[in-house]
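Inspection log for the structure reproduced underneath, given as structure tokens.
The structure is reproduced here in structure tokens:
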């Protein structure tokens, strides 16, 4: 290939793509050029100088331009002193010396310089044991010091940058990795250098301090122990921790993580999760995770967990044995058979969900199963025109396009936000069609903010415009956007359900499917890096579709002849008495406001981690294991099936969800439960055609990833990055193996509003059963907040800080008013309330309850 | 014949000589023999003269221990509740004396000379659980003029974990 450049490093010849930096080229042939400030995910800056190497370039005759040769025929090289290997790009014929005497001396000198003001407190430092500075000093340092110890800088060692991240100023070597990460990668420049020279320090400029969803990543890439998280600070020494590979259970991105666990005396001798760090998967989360994934894990070790089955006796929930509880559940469900219904959550694993539908469909003959709160439609559309297998958002570049509709990725799926943002910076045309401003607007080529209630109409227009070939009339944003999209070589479309009802989101998926199916030179379906990505509300909502947790679809999207009842009908049936028995797994419909009480149900069984509001009303409560205690698989929004592993022992007598369901099934006449989750998955692979190539072994396969972080060397920081436990497998959308017909999108009348319409927006740190338990993020949890623009606030005669009563369709909630100049005019946004409060865009009434203190003062 | 007689007399003389010597054995446990200064007996966690604990909970002793006898858990110090200088102290410190082989590696690993193998060798237990020595059993008494831990101190007075080192010569 012409864009390969060949050079020699320490006498070894290597060919690398043009533009590769010398440090990276050396890494490819396992020659480690030490680095501190350089990181393969960040732009090089050449600040720390530890990567100094000798670089020789071939000499040419000035007159003829020919290469000069030595007597032995080898090309004559000119070495001009030391250069930084992290900033120099390779060139043809270059020769690099990484182990010569001048290089060794320079390295030693840089290390001596860095250590001249670095404290010798490795024994108490959280990075000690996995510290690049420690390792490089061991490898290249002098072993003794010429510096006077009492000349060392003595500065603050306990500087909270926020309540999540602490800075030790003494340890900082001023490489600026953290600052550059915040600026370049996540566009949250909330920390920066202050002052110069010996007084240089890192300061935060946000209120609250270090206000970013990504702050934890800076502690991973910090090459010393200057940045630590309040969660893990002094928690354990790295060598005492046992790693376990996992998948983040919080959003549809499915970030690969590593849980570090340790047995602890303060936890009564239990093995507990000490920290969660990213695990490299270049197709999913690269080497990053958001702070929710990092800090919201304490629910697994919470003392509030259910430990034994509970049975209601004389109106009280009392502890019972598993056999007693399972017999009771199976007996009751069999009594009610087709009048029984099941509601599951998108947080459960594929194994759980498959066993759930099997229990109902095969064991009880009931088709009444659904997700407890289905907010986003279009699963069957995704099965056909979802992104092609092999999709990696990192592969999108110039000439490609990404469309994001009705979703705020920054709050709903932070890693996708980051990757879409980075794609836009690489030259991808980003088109946003949202009801309001979002944090992606800054990076978008075209932003269309539709009027409240007009979302579907706007997409219909976009689809219409995309079909028209003429170019002359394209003057408005939407038309220009349509042209960009349709002419793009690759097109990925994200869609969510912000401000849309379920039916609207379902229609949206169909319209977007049709948009992707327009053939105009490029095929936008059935190929890698093309297709639809739904921004599901939960980590395994995709798996729930695949496993057939749907009243109308069986496993593998097999349409049922006679559909069962959906969630809304089940709730109505429970109230009216048509549904007699209800089995709720991993969901809290009462707490979420979807179900008022148990209605006329004669039997309610809840399978949960905690005694939720629904569980408190149940006849039987079954304690389930959290994701950290068991094996399983999640399918992410890109339809990548990923495996997670047990990290800690089971809490109390809890059992995995699939096992409980299988044991109920056994008592209801199904076969004996499988011995292991892997066997459950084999059963799934048989029943779900899309999964037929997969098993636990293939899901655990790994291959070499670039950049090469993790492994034995720690130059790029963080020993948790190494992925030895599986990259997952994407299942093929229907469009990849055959033609797909256009979808019939129903006409849904757009709403128009006389007063200020209201939508519900999602917040990353929304309070909930799982998030409330993590004390570290308590201060960042979003309380009910109503956001309006100053103009709307003036019209409603409300002011910033007022407590407002928001009434929608008979229900009401009190929220604090935030007047923001960034808010979209003509739209009120409500965040921090239960997910079922507002459906779509709704008319609402706003009444002041408490006047803002600011005004009183 | 005479040679045999001499041999018997020699032997008896040796017996007589030894019989007249004072005995080597002592009346243990009433009497105890002093041990050598370098004897490695039961561990002690030392304190500074002011009463502050030397142990900073770094767990290097546990890392060095060849028989995995030591278990350490650290927590964060504050000026209101200070146990040791610096930010970190050992909130849990346990040594399983049944596992310990008294090799003294922990002593070598300790950056603050907090753990010292002292001269107590009377270690016997009726059950396995009592072989686990906890921090309060290992920690030495507060020296005279010292103060017990945890204690409240002036902010900024004890902010370094590792005592000042001697400058290189």
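Protein chains in written order, with my numbering: chain A, -8 to 848; chain B, 669 to 837.
Backbone N, C-alpha and C define an ideal beta-carbon position, used for all residues, glycine too.
Please report the distance separating the alpha-carbon of residue 848(A) from that of residue 182(A).
Here residue 848(A) corresponds to residue number 857 of the first chain, with the count starting at 1. Here residue 182(A) corresponds to residue number 191 of the first chain, with the count starting at 1. Note that residue 848(A) scores a pLDDT of 42, beneath 50, so its modelled location is shaky; the value from the coordinates is reported in the next line. The alpha-carbon atoms of residue 848(A) and residue 182(A) are separated by roughly 33 Å.
Is residue 233(A) buried or exposed, if buried means 16 or more other CB atoms sit within 10 Å of its CB?
Taking the first residue of the first chain as position 1, residue 233(A) is located at position 242. With fewer than 16 Cβ atoms within 10 Å of its Cβ, residue 233(A) is classed as exposed.
Taking only beta-carbon atoms, is residue 139(A) less than 8 Å away from chain B?
Here residue 139(A) is taken as the residue at index 148 of the first chain, counted from 1. So yes, residue 139(A) belongs to the interface.
If you draw a straight line from the C-alpha of residue 16(A) to the C-alpha of residue 707(A), how long is it?
Against the first chain, residue 16(A) aligns to sequence position 25. Against the first chain, residue 707(A) aligns to sequence position 716. Between residue 16(A) and residue 707(A), the C-alpha separation is close to 15 Å.
Taking just the CA atoms, how far does residue 144(A) sit from residue 161(A)?
Indexing the first chain from 1 puts residue 161(A) at position 170. Indexing the first chain from 1 puts residue 144(A) at position 153. Whole-angstrom Cα-Cα distance: 7 Å.
Are there 16 or more other CB atoms within 10 angstroms of the CB of residue 594(A), so buried, or fewer, so exposed?
Stepping through the first chain from its first residue, residue 594(A) is reached at position 603. So residue 594(A) counts as buried.
Give me the Cα-Cα distance between residue 176(A) and residue 655(A), rounded to the nearest whole angstrom.
Position 185 of the first chain, counted from the start, is the residue given in the question as residue 176(A). Position 664 of the first chain, counted from the start, is the residue given in the question as residue 655(A). Their Cα atoms are separated by approximately 48 Å.
In chain B, which residues lie less than 7 Å from residue 149(A) when you measure between Cβ atoms?
Here residue 149(A) corresponds to residue number 158 of the first chain, with the count starting at 1. Per Cβ cutoff of 7 Å: 755.
Should the stretch 24 to 42 of chain A be called in touch with the stretch 107 to 114 of chain A, which here means at least 3 C-beta pairs below 8 Å?
Segments in contact, no.
Going by CA-CA distance only, name the one from 598(A), 658(A) and 757(A) that's closest to residue 363(A).
On the first chain, position 372 is the one that residue 363(A) refers to. Nearest C-alpha to residue 363(A): 598(A).
What did DSSP end up calling residue 915(A) once you bin it into helix, strand or coil?
The structure shown does not extend to residue 915(A), since chain A is modelled only from -8 through 848, so no value can be given for it.
Using a Cβ-Cβ cut-off of 8 Å, state whether residue 111(A) counts as contacting chain E.
The chain labelled as chain E is not found among the protein chains of the depicted structure, namely A and B.
Taking only runs of the beta strand (DSSP E) that begin and end inside the stretch 391 to 458 of chain A, which ones reach a length of at least 3 residues, in chain order?
Complete beta strand (DSSP E) runs here, min 3: 392 to 396, 420 to 425 and 437 to 440.
Which residue comes first and which comes last in the alpha helix (DSSP H) that contains residue 322(A)?
For the purposes of this step, residue 322(A) is taken as residue 331 along the first chain, with counting starting at 1. Where residue 322(A) is concerned, the enclosing alpha helix (DSSP H) stretches over 313 to 327.
Could I get the ranges of all uninterrupted alpha helix (DSSP H) runs contained in the stretch 200 to 235 of chain A, with 4 residues as the minimum, in chain order?
Complete alpha helix (DSSP H) runs here, min 4: 206 to 212.
What first and last residue would you give for the alpha helix (DSSP H) that runs through residue 502(A)?
For the purposes of this step, residue 502(A) is identified with residue 511 of the first chain, where counting begins at 1. Per DSSP, residue 502(A) belongs to the alpha helix (DSSP H) from 493 to 508.
With 8 Å set as the bound, which would you pick, yes or no: does the beta-carbon of residue 624(A) sit closer than that to a beta-carbon of chain B?
Numbered from its first residue, the first chain carries residue 624(A) at position 633. Output row for residue 624(A): interface = no.
Could you tell me whether the Cβ of residue 114(A) comes closer than 8 Å to any Cβ of chain B?
On the first chain, residue 114(A) is found 123 positions in, with the first residue counted as 1. For residue 114(A), the answer is yes, since a Cβ of chain B falls inside 8 Å of its Cβ.
Should residue 108(A) be flagged as near chain B, meaning a C-beta pair shorter than 8 Å?
Along the first chain, read from residue 1 onward, the residue named residue 108(A) stands at position 117. False, the Cβ-Cβ gap to chain B never drops below 8 Å.
Measure the C-alpha to C-alpha separation of residue 551(A) and residue 676(A) and round it to an integer number of angstroms.
Counted from its first residue, the first chain places residue 551(A) at position 560. Counted from its first residue, the first chain places residue 676(A) at position 685. Each residue's Cα considered, the two are about 20 Å apart.
Going along the chain, which residues of its own chain have a beta-carbon closer than 8 Å to the beta-carbon of residue -8(A), five neighbours each way excluded?
Along the first chain, read from residue 1 onward, the residue named residue -8(A) stands at position 1. Because the pLDDT at residue -8(A) is just 48, under 50, the model does not fix this residue reliably, and the value given afterwards should be weighed accordingly. Correct list: empty, nothing qualifies.
Between residue 98(A) and residue 45(A), which are expected to be in contact by the criterion C-beta below 8 Å, what is the C-beta distance as a whole number of angstroms?
Translated into the one-based positions of the first chain, residue 98(A) becomes position 107. Translated into the one-based positions of the first chain, residue 45(A) becomes position 54. Actually they do not touch by this definition, with Cβ atoms about 12 Å apart.
Does the Cβ of residue 857(A) have 16 or more other Cβ atoms within 10 Å, making it buried, or fewer, making it exposed?
Any property of residue 857(A) remains undetermined from this structure, which presents chain A solely from -8 to 848.
Mapping DSSP to helix, strand and coil, what is residue 184(A)?
Sequence index remark: in the first chain, residue 184(A) carries index 193 (1-based). Strand.
What residue range is occupied by the uninterrupted alpha helix (DSSP H) comprising residue 776(B)?
On the second chain, residue 776(B) is found 108 positions in, with the first residue counted as 1. From DSSP, the alpha helix (DSSP H) with residue 776(B) extends over 773 to 777.
Bridge partners of residue 624(A), per DSSP?
Counted from its first residue, the first chain places residue 624(A) at position 633. Answer is 634(A), bridged to residue 624(A).
Between residue 848(A) and chain B, is the shortest Cβ-Cβ distance under 8 Å, so that the two count as touching?
If you number the first chain from 1, residue 848(A) lands on position 857. With a pLDDT of 42 at residue 848(A), under the threshold of 50, the modelled position of that residue is not reliable, and the figure given next carries that caveat. Closer than 8 Å: no.
Does the beta-carbon of residue 699(B) have 16 or more other beta-carbons within 10 angstroms, so that it is buried, or is it exposed?
In the second chain, residue 699(B) corresponds to position 31, counting from 1. Classification of residue 699(B): exposed, given that the 10 Å Cβ count is below 16.
How far does the beta strand (DSSP E) with residue 126(A) in it extend, from its first residue to its last?
Counted from its first residue, the first chain places residue 126(A) at position 135. No beta strand (DSSP E) contains residue 126(A), which is instead part of the alpha helix (DSSP H) from 123 to 131.
Kindly say whether residue 100(A), judged by its beta-carbon, lies nearer than 8 Å to any beta-carbon of chain B.
Taking the first residue of the first chain as 1, we reach residue 100(A) at position 109. No, residue 100(A) does not count as interfacial toward chain B.
So which of 25(A), 274(A) and 270(A) has the shortest CA-CA distance to residue 720(A)?
Position 729 of the first chain, counted from the start, is the residue given in the question as residue 720(A). The option with the nearest alpha carbon to residue 720(A) is 274(A).
Taking only runs of the beta strand (DSSP E) that begin and end inside the stretch 674 to 726 of chain B, which ones reach a length of at least 3 residues, in chain order?
Fully enclosed beta strand (DSSP E) runs of 3 or longer: 711 to 713.
When Cβ atoms are compared, which residues of the stretch 50 to 69 of chain A fall closer than 7 Å to chain B?
If the cut-off is 7 Å between Cβ atoms, the stretch 50 to 69 of chain A has nothing near chain B.
By how many angstroms is the C-alpha of residue 218(A) removed from the C-alpha of residue 269(A)?
Taking the first chain and counting its residues from 1, one reaches residue 269(A) at position 278. Taking the first chain and counting its residues from 1, one reaches residue 218(A) at position 227. Cα-Cα distance, rounded: 16 Å.
Against chain A, which members of the stretch 729 to 742 of chain B pass a CB distance test of less than 8 Å?
Cβ contacts with chain A: 730, 731, 739, 741 and 742.
Looking at chain A, which residues of the stretch 769 to 798 of chain B have a Cβ within less than 7 Å of any of its Cβ atoms?
Flagged, chain order: 779.
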